[in-house]
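Below you'll find the structure, written out as structure tokens, and then a few comments.
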Amino acid sequence: RQGFRVRRVDLLIEPGQSLGLMIRGGVEYGLGIFITGVDKDSVADRAGLMVGDQILEVNSQSFMEVTHDEAVSQFKFHKRMSLLVRDVGKVPHSCTTVEPEPWDAYSPTGVRTRRKCPVSAMVEEKARSLLPRHHFANLSYYIAEYGARGMTIEAFVSVLLEMLDTPEKHTLVTEIRELIFPEDRTRYDELVYRRGRDVYGDPLDRHRRKDHLPHSHDLPDFNDPTRLRRGSETQLSRADYDSDQSMQRLPM
833 RQGFRVRRVD LLIEPGQSLG LMIRGGVEYG LGIFITGVDK DSVADRAGLM
883 VGDQILEVNS QSFMEVTHDE AVSQFKFHKR MSLLVRDVGK VPHSCTTVEP
933 EPWDAYSPTG VRTRRKCPVS AMVEEKARSL LPRHHFANLS YYIAEYGARG
983 MTIEAFVSVL LEMLDTPEKH TLVTEIRELI FPEDRTRYDE LVYRRGRDVY
1033 GDPLDRHRRK DHLPHSHDLP DFNDPTRLRR GSETQLSRAD YDSDQSMQRL
1083 PM
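Be aware that the sequence shown starts at 833, since it is given in the working numbering, and climbs by one per residue.
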């Protein structure tokens, strides 16, 4: 590849196809919009987009001074796109320092992002003060799994209530509710706040679930730079254009 070559790339996402693109950046981070990941055999891959490409325009709209969320919206709502990209080769780091924590995993709007929001920071701060280190790590893991749609709301609440096993810890459920996807909140309330029933289910099931809590060596290493957990990253992947064009499955 030749450095700083500018080219135009046309994309057409058919039903059931994956855009397969991960982007980083935004004017709030002092960055343009850069491609940091391309899924093999995805629409982006077949069109020739590459890691290190800077997106200059989408459908004639300049991407030089857009926010991260504005960039995501463009990819989210358009199935046919004409991109002007520049081959930079190496993606610059954000000018804004953001701690590489698991709480950056997703936003409750249906788009998984790599930015820490105020709600996530609030939950993280309270969880650190209430939970032992290993329970905090487990909670981080499950929040990330739920945010990636790797767990149902029922499974998430089940393990959540296992960890929040004292009245003081249980106060976290109010803050964690703000991290729940809007479509899951009614069910979350039913599972967490219902009265007169054992929300934990069969005691034998509780022990079995505890046996399957991830050990420390099974947890994702959130300080591993290969995970690309930097200030502003969103993966636009399969199912982004299936159900209501909302980005539901965003594996990293």
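Built from N, CA and C at the ideal position, the CB exists for glycine as well.
These figures come from a predicted structure and were not determined experimentally.
> To the nearest whole angstrom, what separates the beta carbons of V883 and T868, a pair I think is in contact under 8 Å?
Replying inline: 6 Å
>> Nearest by alpha-carbon distance to H900: which of V859, F1013, E846, I975 is it?
In response: V859
> Start and end of the beta strand (DSSP E) containing S850?
Replying inline: It is not in any beta strand (DSSP E) - S850 carries neither H nor E in the DSSP assignment.
> Going by the CB atoms, is the gap between V917 and V841 shorter than 7 Å?
Replying inline: yes
> Do V870 and L843 have their C-beta atoms within less than 7 Å of each other?
Replying inline: no
> If you count every other CB in all the chains shown that lies within 10 Å of the CB of S850, and 16 or more means buried, which is it?
Replying inline: buried
>> Less than 7 Å between the C-beta atoms of G864 and Q886, yes or no?
In response: yes
>> Using a 10 Å radius around the Cβ and a threshold of 16 neighbouring Cβ atoms, would you call V898 buried or exposed?
In response: buried
>> For R837 and F895, I'd like the C-alpha separation in whole angstroms.
In response: 17 Å
> Using the C-alpha atoms, what's the distance from R912 back to L881?
Replying inline: 15 Å
>> Per the DSSP calculation, D919 is bridged to which residue(s)?
In response: D885
>> Going by the DSSP bridge assignment, what does R839 pair with across the sheet?
In response: V917
>> Tell me the rounded alpha-carbon separation between H1002 and L993.
In response: 8 Å
> With 16 other CB atoms within 10 Å as the buried threshold, where does R1026 fall?
Replying inline: exposed
>> Taking 8 Å as the limit between beta carbons, can you name the residues of its chain near T1006, skipping five residues before and five after?
In response: none
> What's the C-alpha gap between V989 and R1017?
Replying inline: 11 Å
> Which word fits E956, buried or exposed, when buried means at least 16 other C-beta atoms lie within 10 angstroms of its C-beta?
Replying inline: buried
> If you follow the beta strand (DSSP E) that T1006 is part of, which residue opens it and which one closes it?
Replying inline: From DSSP, T1006 is part of no beta strand (DSSP E) but of the alpha helix (DSSP H) over 1004-1009.
>> Quick check on F909: buried or exposed, where buried means 16 or more other Cβ atoms within 10 Å of its Cβ?
In response: exposed
> When the distance is taken between beta carbons, is I985 closer than 7 Å to D1020?
Replying inline: A small fix is needed here, since residue 1020 is Tyr in this sequence, not Asp. Contact flag set, yes.
> Considering only C-alpha positions, which residue in the set R856, L888, G862, R1009 is nearest to S952?
Replying inline: R1009
> Just the Cα atoms here: how many angstroms apart are A879 and D873?
Replying inline: 10 Å
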